[in-house]
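Peer 1: Mapping of the sequence shown onto full-length UniProt numbering: position 42 corresponds to residue 42, and the numbering continues sequentially without gaps. Backbone N, C-alpha and C fix where the C-beta goes; we use that ideal spot for every residue, glycine too.
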Amino acid sequence: METILLVVHLILALALVGVILMQRSEGGALGIGGGGGGLVSARGAATLFTRLTVWLAVGFLATSMGLALIARQNTGPSSVMEQVEDQPAADKPEVPVRN
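So this is what it looks like as structure tokens:
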């Protein structure tokens, strides 16, 4: 299950990068000085790449959470002290008491 989810996660990540790189720039230069008017317009919100980006991002986040849950279940003890088993004390030679 983990391997399948990891492969899907990798495919989603590569597809998300590809779709983002194929999108047309709005001329905002990373948002510096440009307004957000292109994002609010009907044309900007309805493009295929925008919708595809949203769905790929949702899938990426879902697989990320799924992988995190699987990793949490597969972890062992988190402390070295939890790994050490309780062992009886070794027999110590008695030291003679001086009077």
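1. Is residue 56 closer than 7 Å to residue 16 when the C-beta atoms are compared?
2. Rounded to the nearest angstrom, how far is the Cβ of residue 9 from that of residue 53, given a contact under 8 Å?
3. Can you say whether residue 80 is buried or exposed, counting buried as having 16 or more other CB atoms within 10 angstroms of its CB?
4. Given a cut-off of 7 Å on the beta-carbon distance, is the pair residue 5 and residue 69 in contact?
Peer 2: A quick look at the data gives this:
1. It is a contact, given that the beta carbons lie within the stated cut-off.
2. Not a contact, Cβ separation roughly 16 Å.
3. Label assigned to residue 80: exposed.
4. no
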